[in-house]
Each structure stands twice: as C-alpha cells, then as structure tokens.
Amino acid sequence: MKTWKSRRTPVAELLYAWERDELSELIEVLHPRATLTVDGGGTMVDVPPATGSLAVASALLAVRDELPGSTLALGEVNATPGIVIRSHDRVVGIVAVSAQGPRVKSLWAVLNEAKLTHWNRN
1 MKTWKSRRTP VAELLYAWER DELSELIEVL HPRATLTVDG GGTMVDVPPA
51 TGSLAVASAL LAVRDELPGS TLALGEVNAT PGIVIRSHDR VVGIVAVSAQ
101 GPRVKSLWAV LNEAKLTHWN RN
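Position 100 of the sequence shown, counted from 1, bears residue number 100 in this note's numbering, the numbering being contiguous throughout.
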C-alpha cells in the first residue's frame, strides 16, 4: 500500500523545489494565494508572514539562507504531511503543509527552538 510518503504529492514537490533553492519551481507548486505563517519566537529565524506564491517562495528561501547547512525531509507534522528542517542532527524547524488540488495552499512553520524540544528527544 502506498502512503503519502511514497507518492509525488504537492508536499513532496515543495520539498524538492525547496531543497534545490529553485524559486520558479517553488512558485509553480504554490497556490497563487498561498500563505505562510511563521512562529519564530524571535529566537532563530525572523521571517514575516507571507501571502502569494512569490512572497511565500521568497520567504522559504530566506529560511534556508538563515539556516546554512540545514537539511529538509518529509515528515509527519501534527498528523499531516509536512517538512522537517534539521541542522547538526537537531530539528530546528517544522512546516505543516496543506494543499488544494495539486498546489500548496498554506504553510505553518515553527522555527522556535523552545517549541521543538519534543522533536529532539532521543
């Protein structure tokens, strides 16, 4: 049985474009009215909320710029498909993703390390 992890889903397409830092590919997978909400807690990455595919794509690239050497992986975030951001074997961010049809409609990112402690328990 295939799961969301093994299919080419909008979340997977977003991950692959984000990993390659491809602005045009990110814009293509994002809904024109996509939204990004970020809980950075003022402690790590300070990225403002964004609306629209270009603004959201640019903000996602800014997150990677602020976290050099970070890696992205598909993961389950709040019981839904999402993306886990790791740096030096620690989870430094999670992104819950919801899609509308073939495009990503909304993203909720938590980049506040204090809220990610349970992700880093061994």
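Where is the CB? At the ideal position from N, CA and C, for every residue including glycine.
Checklist entry - For the beta strand (DSSP E) that contains glutamate 76, what are its first and last residues? => result Position 76 of the sequence shown, counted from the first residue, corresponds to residue 76. Element bounds for glutamate 76: 71-77.
Just verifying my parser: in three-state terms, what is the DSSP assignment at aspartate 65? The residue given as residue 65 occupies position 65 in the sequence shown. It is helical.
- Message: Residues in the same chain with beta-carbon distance under 8 Å from asparagine 78, minus the five sequence neighbours each way, listed in chain order, please.
- Response: For the purposes of this step, residue 78 is taken as residue 78 along the sequence shown, with counting starting at 1. Excluding positions up to five away in sequence, the list reads Ala96.
- Per DSSP, what kind of secondary structure is valine 47 in: helix, strand or coil? Counting from 1 along the sequence shown, the entry for residue 47 is found at position 47. Three-state result, valine 47: coil.
Practice prompt. Throw me the rounded Cβ distance for the leucine 116 and aspartate 39 pair, which I believe falls under 8 Å.
Written response: Stepping through the sequence shown from its first residue, residue 116 is reached at position 116. Stepping through the sequence shown from its first residue, residue 39 is reached at position 39. Not a contact, Cβ separation roughly 10 Å.
Proximal residues to glycine 139 (C-beta, below 7 Å), its chain only, five neighbours per side dropped = Nothing about residue 139 can be read from this structure; the chain reaches only from 1 to 122.
For this session: Name the residue from Trp18, Leu61, Ile85 and Ala62 whose alpha carbon lies nearest to the alpha carbon of threonine 71.
Result: Here residue 71 refers to the residue found at position 71 of the sequence shown. The option with the nearest alpha carbon to threonine 71 is Ile85.
> How many angstroms separate the CA atom of leucine 123 from the CA atom of tryptophan 18?
Replying inline: Residue 123 falls outside the range modelled here, since the chain spans only 1 to 122, and no answer is possible.
### Query
Which class does histidine 118 belong to by DSSP, given the choice of helix, strand or coil?
Reading the sequence shown from its first residue, position 118 is the one you call residue 118. Reduced to three states, the DSSP call for histidine 118 is helix.
Quiz prompt | Reduced DSSP secondary structure (H/G/I, E/B, other) of proline 102 | solution = For the purposes of this step, residue 102 is taken as residue 102 along the sequence shown, with counting starting at 1. Coil at proline 102, not helix or strand.
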